[in-house]
DNA sequence: TGAAGTTTAA
C-alpha cells in the first residue's frame with residue numbers, strides 16, 4: 001500500500017495563506033493542535049506517542065496566530081498556545097496587525113533584499129522603531145528578509161532609523177558574514193551623522209573575529225576613529241576581549257604590546273588577558289600576565305584569581321583550586337559567589353556531588369549571598385545526579401531567599417526532566433514559565449525538541465515549533481542540524497527533509513555529514529523523489545556558500561519551486 | 001553578552 005506523507009515546506013501559490021485566515025492555513029488538514037493529554041494531564045504520557053497513521057507534517061508558514069481550533073471554542077485550557085494574549089489597547093492591536101502583515105510578506109521567500117523592498121511597497125503599515133526592532137528580532141535567522149525590510153523601512157517618509165536599529169542590523173549582517181553589506185551600512189550611518197558608536201564597532205569586531213577574520217577585526221579597531229569613535233582604553237579592551245574569546249589570545253597579546261605606547265592599559269586589560277590565557281589552558285602565560293599586571297601597579301583582584309581557579313578546575317586539579325582559595329583569603333581578597341559557582345560546578349561535573357554540595361554550606365558560612373546563577377548551577381548538579389525532586393525544591397528555596405528563578409533555571413529543569421524522559425513535567429515547566437512571564441529562549445526548546453524526535457511525537461514537535469515562532473525564537477544552525485539528524489535517526493526521514501530545506505532557504509549551509517545522513521536514510525527507505533530534492537539542496541547550499549552572495553535565494557527559490565519538498569508527496573515509490 | 005560563573009549538544 002502506498003503511504004502518503006505530505007510534506008509542505010514553504011508557501012506556494014496554492015498554499016499561500018489568505019489574509020485574515022492565515023492561521024487555518026498554517027497547517028494541513030490532518031491537524032495540529034494542543035495534544036489531548038496536555039489539556040488533560042492525568043492522561044498517561046505514553047499515550048501522546050504520535051499515531052503513526054498520521055504522517056501529515058507541515059511547518060508553519062506564517063508567524064500569525066495559531067488558531068484556537070483545538071480548543072473547540074469553549075473554555076480556555078491551561079494553554080501555552082501562541083496567540084492567546086489580547087493586545088492591551090487599540091494602538092497595540094494596530095501594531096500587532098501591522099507586524100503580522102509585514103511578517104506575512106516577508107515569509108514568502110524572496111530572491112534578494114531588493115525584491116523585498118519592491119514587495120513591501122504595497123504594504124500599508126506604519127513604520128516605527130518598535131516595529132523595526134520587533135521584525136529584526138523575529139527574522140533573526142533570515143538576514144535577507146530582515147535587511148530587505150530594513151532598507152524599505154529606512155526609505156519611508158517621516159521615519160529615520162534609530163542608532164540602535166542600525167546596530168541591530170549591523171550585528172545581523174555580521175552574524176551571517178555579509179561583511180560588505182555591513183561596512184556599507186556603517187558608511188551610511190557615518191554619513192547620516194555620527195551614528196557609529198563604540199557599541200557599533202564592538203559588534204563589528206566581534207562578528208569579524210567570530211568568523212576567524214582576526215586581522216580584519218584588528219583593522220576595524222584601527223580605523224574606527226574615521227567614524228568618529230575614539231581608540232581609548234575601553235575600545236582596546238573590547239578588541240582584546242574579542243580576540244581572547246574568539247580563540248586568538250596570542251593576537252590579543254600582540255595587539256596589547258603594539259598599543260601599550262599609545263593606549264594606557266587598565267586593570268580590565270590585564271584581567272582580560274589573564275582570562276584569555278586561562279581559557280586557552282596556558283597557565284604559565286596566565287601567571288606571566290599576572291606578574292606583568294603587578295609590575296604595572298595593579299594588584300590581582302578576585303576576578304584575576306577566579307580566572308585562574310577556573311583554569312585549574314578545567315584541569316580537575318582541585319588541590320591547587322583549594323590552595324588558591326586559601327591564598328585569596330590570606331591576601332584579603334576573599335572568593336565571591338562567582339568563584340564558588342565555578343568551583344561547585346566543576347566538582348559537580350567531575351562527579352564529586354557531595355563535595356559540590358559542601359560548597360553551598362561554605363558559601364552560607366562565608367556570608368556570601370547565593371544568586372540565580374549559583375542556584376542554577378546547584379540545580380544542574382542535582383539534576384545530573386538524578387535528584388530531580390531536590391532540584392525542583394531548590395526553586396522554592398530560591399523564591400524564599402528572594403532570588404526569582406530565571407530562564408536558565410527553567411531551562412536547566414526542563415533539560416533535566418527531558419533527560420529522564422519526564423515529558424509531562426518538562427511541558428508543565430514550559431507552562432509555568434509562561435505563567436511567571438519568563439520568556440523562553442532557544443535553549444528552552446532544544447531538549448524538548450530532542451525528546452520529541454526520539455519518541456517520534458510529531459504533533460508535539462510541531463506544536464513546539466509553532467510556539468517558538470510565535471515567541472520570535474527561530475531555530476539556529478545547530479538546532480536545525482539537530483532536528484534534521486534526530487528525525488533522520490528516529491525513522492522520520494521525510495520530516496527531516498522539511499527542516500533541511502527550511503535550513504538551506506534560510507541561508508544556512510548544512511554540514512556534509514548532515515546531508516550524508518539524510519541521503520543514507522532516504523536511500524534505505526526508497527524515497528527516491530525526496531533524494532533528488534536533497535541532491536538539489538546540496539547544490540544550492542554549495543552555490544550559496546561559494547558566492548556568499550545576497551542573491552543566493554534566486555536559485556534557492558527557483559529550485560524550491562521545482563524540487564518542491566514543497567507541496568509534494570514523498571511516498572514509497574518502488 | 002562580552003574583565004570572572006549557570007542552562008542545549010556534537
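In the UniProt record's numbering, the protein residues as written are 1 to 574.
Just so it is clear, CB atoms sit at the ideal spot from N, CA and C, and this is done for glycine as well.
Nothing here was measured: the structure is a model prediction, and the numbers come from that model.
- Distances from the alpha-carbon of residue 257 to those of 246, 240 and 535 put 240 closest.
- Judged by DSSP in its simplified three-state form, residue 471 adopts coil rather than helix or strand.
- The DSSP-derived three-state label of residue 152 is helix.
- Under the three-state reduction of DSSP output, residue 322 falls in the helix class.
- Within its own chain, the residues whose Cβ lies closer than 6 Å to the Cβ of residue 488, once the five positions on either side in sequence are excluded, are 496, 517, 518 and 521, listed in chain order.
- At a Cβ-Cβ threshold of 9 Å, residue 283 and residue 312 count as neighbours.
- Note that the C-beta distance between residue 172 and residue 136 is below 9 Å.
- Within the UniProt repeat "PPR" (371-405), the complete alpha helix (DSSP H) runs of at least 4 residues fall at 372-384 and 388-400.
- If the five residues before and after residue 271 are omitted, its C-beta is found closer than 6 Å to the C-beta atoms of 303 and 304, all from its own chain and listed in chain order.
- For residue 159, the three-state secondary structure derived from DSSP is coil.
- Under a 10 Å Cβ-count criterion, residue 322 is classified as exposed, with fewer than 16 other Cβ atoms of the shown protein chains found around its own Cβ.
- In this structure, residue 445 lies away from residue 409, with their beta-carbon atoms at least 9 Å apart.
- Closest in alpha carbon position to residue 455, among 491, 484 and 475, is 491.
- The DSSP-derived three-state label of residue 253 is helix.
- By the Cβ neighbour-count rule, residue 103 is buried, with 16 or more other Cβ atoms within 10 Å of its own.
- Spanning the alpha carbons of residue 125 and residue 479 requires a straight line of approximately 33 Å.
- For residue 93, the uninterrupted alpha helix (DSSP H) segment begins and ends at 90-107.
- For residue 408, the enclosing alpha helix (DSSP H) starts and ends at 407-419.
- Only residues of its own chain outside the window of five on either side were considered, and among them 166, 169, 170 and 173 have a CB closer than 8 Å to the CB of residue 185, listed in chain order.
- Your pair residue 341 and residue 301 does not check out as a contact, with CB atoms roughly 17 Å apart and the cut at 8 Å.
- With a cutoff of 9 Å on beta-carbon distance, residue 249 and residue 223 are scored as not near each other.
- Shown here for residue 213: not one same chain residue has a beta carbon closer than 7 Å to its own, the five before and five after excluded.
- Sequence-distant Cβ neighbours of residue 359 in its own chain, meaning closer than 8 Å and more than five residues away, are 340, 343, 344 and 347.
- Using a Cβ-Cβ distance cut-off of 8 Å, the stretch 503-510 and the stretch 521-534 are not in contact, since fewer than three pairs of beta carbons, one from each stretch, lie closer than that value.
- Non-local C-beta neighbours of residue 115 in its own chain, meaning closer than 8 Å and more than five positions away in sequence, comprise 148, ordered along the chain.
- Of the residues assessed, residue 460 falls on the buried side of the cut-off, its CB having 16 or more other CB atoms within 10 angstroms.
- The beta carbon of residue 255 lies closer than 7 Å to those of 218, 239, 240 and 243 in the same chain, with the five residues before and after it left out.
- For residue 203, the enclosing alpha helix (DSSP H) starts and ends at 198-210.
- With contacts defined as CB atoms closer than 9 Å, residue 177 and residue 207 qualify as a contacting pair.
- Short of 6 Å from the beta carbon of residue 276, and not among the five residues preceding or following it, lie these beta carbons of its own chain, in chain order: 244, 249 and 252.
- Membership of residue 180 in the alpha helix (DSSP H) is indicated by the continuous run 179-193.
- Collapsing the DSSP output to three states places residue 164 in a helix.
- Here residue 381 is near residue 349, since their CB atoms are less than 9 Å apart.
- Taking 3 residues as the minimum length, the stretch 431-475 contains no beta strand (DSSP E) run wholly inside it.
- For residue 120 against residue 95, the beta-carbon gap comes to about 17 Å, at or over 8 Å, which does not count as contact.
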